[in-house]
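Inspection log for the structure reproduced underneath, given as structure tokens.
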Amino acid sequence: MPDARRLSTIDILERLVSFDTTSCESNLPLIDWISGYLTAHGVPFRLSHDPTGLKANLHATIGPGLAGGIALSGHVDTVPVDGQRWNSDPFALRLADGRAYARGACDMKGFVASCLAAVPDIVAMDLRRPLHLFVSYDEEVDCGGARVLMEQARSDGSMPALCIVGEPSGMQPIVAHKGRLAVRVEVKGRPGHSSRPAEGVNAIHAAAEAIGWIGREAARLEREGRRVEGFLPAHSTIHVGLISGGTILNIIPEDASFEMEWRTVPGDDAFAELDRLRRHAAETIEPAMRHVSPEAGFRFLPLNELPPLAIEEDHPLVDLVRQCGGANATGKVGYGTEAGIFQQNGIASIVCGPGDIAQAHQPDEWIALDQLAACDRFVRRVADTLTRAA
Numbered sequence: 033m034p035d036a037r038r039l040s041t042i043d044i045l046e047r048l049v050s051f052d053t054t055s056c057e058s059n060l061p062l063i064d065w066i067s068g069y070l071t072a073h074g075v076p077f078r079l080s081h082d083p084t085g086l087k088a089n090l091h092a093t094i095g096p097g098l099a100g101g102i103a104l105s106g107h108v109d110t111v112p113v114d115g116q117r118w119n120s121d122p123f124a125l126r127l128a129d130g131r132a133y134a135r136g137a138c139d140m141k142g143f144v145a146s147c148l149a150a151v152p153d154i155v156a157m158d159l160r161r162p163l164h165l166f167v168s169y170d171e172e173v174d175c176g177g178a179r180v181l182m183e184q185a186r187s188d189g190s191m192p193a194l195c196i197v198g199e200p201s202g203m204q205p206i207v208a209h210k211g212r213l214a215v216r217v218e219v220k221g222r223p224g225h226s227s228r229p230a231e232g233v234n235a236i237h238a239a240a241e242a243i244g245w246i247g248r249e250a251a252r253l254e255r256e257g258r259r260v261e262g263f264l265p266a267h268s269t270i271h272v273g274l275i276s277g278g279t280i281l282n283i284i285p286e287d288a289s290f291e292m293e294w295r296t297v298p299g300d301d302a303f304a305e306l307d308r309l310r311r312h313a314a315e316t317i318e319p320a321m322r323h324v325s326p327e328a329g330f331r332f333l334p335l336n337e338l339p340p341l342a343i344e345e346d347h348p349l350v351d352l353v354r355q356c357g358g359a360n361a362t363g364k365v366g367y368g369t370e371a372g373i374f375q376q377n378g379i380a381s382i383v384c385g386p387g388d389i390a391q392a393h394q395p396d397e398w399i400a401l402d403q404l405a406a407c408d409r410f411v412r413r414v415a416d417t418l419t420r421a422a
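Take any residue in the sequence shown, count from 1 to its spot, add 32: that is its number in the numbering used here.
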């Protein structure tokens, strides 16, 4: 169990990356370590678990037990290392050439380590409003941890007013990101011998018709979709990433499936787009299928959804992050974060954290040490603003 000695960001990062918190694994050993560290520094916290009890969020609060304040938020689950060629153990921190290498070093245990290293300094501050620390699970899967965390904070009255999500942004304030809706589409046909196609319903052909519509929809969005400048691309997108079906060539395939996603700019509704696809299948593809087999047709199964993020450039939180980080410019990104969920729950949110998203999920994932140092300064400056809060 950690004692109350000061640990540097690198010291803490070394410990955090040593825990394999790939999203398919339990994160409880890491959460236990953080819990011991916070307890040693007299910081109260609450845990909230997933339905299995094998994963937990941690919500710590430093300062007065008042409403509002600022949350610093980071997830500690990571993507797998399977199939990647690393030059060193991905779960052992390696320092070289001004970089720290390990799975999760960039996305996003580096930010969490920086926040934890600042705890002794923040505890010593005379905070007028609370500083919250959110540590969540399953961001890389469906952001289920953030949703559970919000449920707990709402139920116990500990919702912050503002939130900074420390996803890697090069310490640039990110004021907007796209939303994401991932859907699995299952197609049921009717089997038969391939020499007598009229007696069966080819599930792959039906899936292909739907995928053709999706391709045309992608072109429509590129041509005439809503534009929000600052995103790349500036419009919402749609694509199919996985497809499967059939058994052997001389059997009409009874089953087919594919997985697809929308990435929507603020102002577009991915569920409304899903309804358009449902209507197209119901009106254009399914009638011919059900003429042969009443049981044939489509099922649409949403897998996960992330709401988009958008905060006004003149919001006080944007100004606070600019001042504390020393960055004048703001940005918009195409990837999603938990910030959209926090905003959806009434917390004004922004993204700003150390590292480059291009290094995330890669073999030999790394974060620059000067980025961690900049984050160390940033976290303490954010906390210091709470000593002057009204």
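Where is the CB? At the ideal position from N, CA and C, for every residue including glycine.
Here cysteine 407 carries a helix assignment [DSSP, helix/strand/coil]. Isoleucine 317: not part of any alpha helix (DSSP H); DSSP gives it neither H nor E.
In terms of CA proximity to isoleucine 94, Thr71 leads the group Glu254, Phe263, Cys175 and Thr71. Valine 197 and glutamine 355 have their C-alpha atoms some 16 Å from each other. When secondary structure is reduced to three states using DSSP, arginine 38 falls in the coil class, being assigned neither helix nor strand.
Looking at the DSSP output, asparagine 336 shares a beta bridge with Ala214.
Around the beta carbon of arginine 212, 16 or more other beta carbons sit within 10 angstroms, so the residue counts as buried. Assignment of tyrosine 69 by DSSP, reduced to helix, strand and coil, places it in the helix class.
Taking a contact to require three or more Cβ pairs closer than 8 Å, the segment 172 to 191 and the segment 76 to 86 qualify as touching. Within a 10 Å sphere around the beta-carbon of alanine 242 sit 16 or more other beta-carbons, which makes this residue buried.
The residues His209, Gly211, Leu338, Pro339, Pro340, Leu341 and Ser381, in chain order, have a CB closer than 8 Å to that of glycine 372 in the same chain once the five nearest residues on each side in sequence are set aside. At a Cβ-Cβ threshold of 8 Å, arginine 311 and alanine 150 do not count as neighbours.
Contact annotation, proline 229 with isoleucine 283: C-beta distance approximately 11 Å; criterion of less than 8 Å not satisfied. Per DSSP, the unbroken alpha helix (DSSP H) holding leucine 253 starts and ends at 235 to 256.
By alpha-carbon distance to alanine 193, the top candidate from Asp408, Gln376, Phe330 and Trp398 is Gln376. Between valine 113 and valine 167, the CB-CB gap reaches or exceeds 8 Å. Rounded to whole angstroms, glycine 74 and proline 61 show a C-alpha spacing of 20 Å. Within the same chain, Cβ atoms closer than 6 Å to the Cβ of threonine 110 are found at Thr53, Thr54, Arg135 and Gly136, the five residues on either side in sequence being excluded.
Residue range 176 to 187 is occupied by the alpha helix (DSSP H) that includes alanine 178. The three-state reading of DSSP puts methionine 140 in helix, counting H, G and I together. Straight across, the Cα-Cα distance linking alanine 124 with cysteine 147 is about 20 Å. Of the candidates Val297, Asp408, Val233 and Asp121, the residue whose Cα lies closest to the Cα of aspartate 396 is Asp121. The continuous beta strand (DSSP E) containing arginine 78 extends over residues 77 to 81.
According to the DSSP secondary-structure assignment, isoleucine 63 is paired through a beta bridge with no residue.
Ranked by Cα distance from arginine 117, the options Gln394, Leu418 and Lys364 are led by Gln394.
Cβ contact annotation for valine 173 (same chain, cutoff 6 Å, sequence separation greater than five): Ser55, in chain order.
Scanning Phe290, Ala392, Pro265 and Gly247 for the CA closest to the CA of alanine 235 turns up Phe290.
Exclusion of the five residues before and after alanine 250 leaves Ile270 as the residues of its chain whose Cβ lies within less than 6 Å of its Cβ.
At a Cβ-Cβ threshold of 8 Å, valine 233 and histidine 267 do not count as neighbours. Residue state for aspartate 351 is assigned as helix, using DSSP reduced to three classes.
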